[in-house]
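Quick note, the sequence shown lines up with residues 139 to 275 if you use this note's numbering. We put the beta carbon where it would ideally sit given N, CA and C, even for glycine. Down below is the structure, laid out as structure tokens.
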Amino acid sequence: MPRVTFIIDGEAHVVDVDLASMPSSHHGLPGSLLDIAKNFDVPLEHACGGSCACTTCHVVVREGGGNLSDMQDDEGDRLDTAWDVTPHSRLGCQAVVRGDVVCEIPMYTRNYVQEGGAIQLGKSTAQTPGAWTPAKA
Ligand code: FES
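Structure below.
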């Protein structure tokens with residue numbers, strides 16, 4: 139069971155993910171960092187529904203980069219437009235988890251949601267209470 143740590147403002151949010159039973163959040167690729175964040179109420183924002191059309195889900199991988207799916211050309215092309223991109227940057231909606239990962243949600247990002255961008259194609263929806271209870275570490 140992979141352990142995913144999201145660092146937000148220096149605080150670690152740790153979740154243990156049973157990828158086989160986790161339902162799809164319909165945000166990003168199944169099992170992606172964004173999909174996991176949505177299932178565990180981690181505030182990783184997105185503006186395109188996880189379709190690799192914005193950079194709002196930008197994360198910086200601190201550990202376990204080899205436990206993520208390989209970056210595809212469309213992700214790399216989109217990531218080139220992210221603010222403050224690093225060699226360890228990924229798009230949360232495209233990076234699929236295969237093992238333990240530590241990633242940081244940057245303090246500043248090109249946030250198309252909060253900037254009122256016109257491409258708000260996807261917004262999170264509240265989970266139905268009791269529909270599925272994630273196991274938190
Ligand atoms: S949510 Fe838009 S690129 Fe990931």
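| query | result |
| --- | --- |
| Short Cβ contact (7 Å threshold) for R228 with N205 | no |
| Residues passing the C-beta test against the ligand FES heavy atoms, cut-off 5 Å | H184, C186, G188, C190, C192, C195, L229, C231 |
| Length-filtered (3 minimum) beta strand (DSSP E) runs lying within the region 193-229 | 196-201, 227-229 |
| Residue burial classification, H164 (beta-carbon count within 10 angstroms, cutoff 16) | exposed |
| CB contact flag (D156, G202, <7 Å) | no |
| DSSP beta-bridge partners of V278 | This structure cannot settle anything about residue 278, because the visible part of the chain is limited to 139 through 275. |
| At least 3 beta-carbon pairs within less than 8 Å: the region 191-201 vs the region 216-231 | yes |
| Buried versus exposed call for G166 [16 or more other C-beta atoms within 10 Å across all chains shown] | buried |
| Own chain, CB closer than 6 Å to M160, minus 5 neighbours either side, in chain order | N177 |
| Straight-line Cα distance separating D211 from A175 | 23 Å |
| Beta carbon of V240 nearer than 7 Å to that of T143 | yes |
| Under the three-state DSSP convention, the category A150 falls into | strand |
| Closest Cα partner of M245 within the set A191, D222, R200 | D222 |
| Neighbourhood of E149 by C-beta distance below 6 Å, restricted to the same chain and skipping five residues each side | none |
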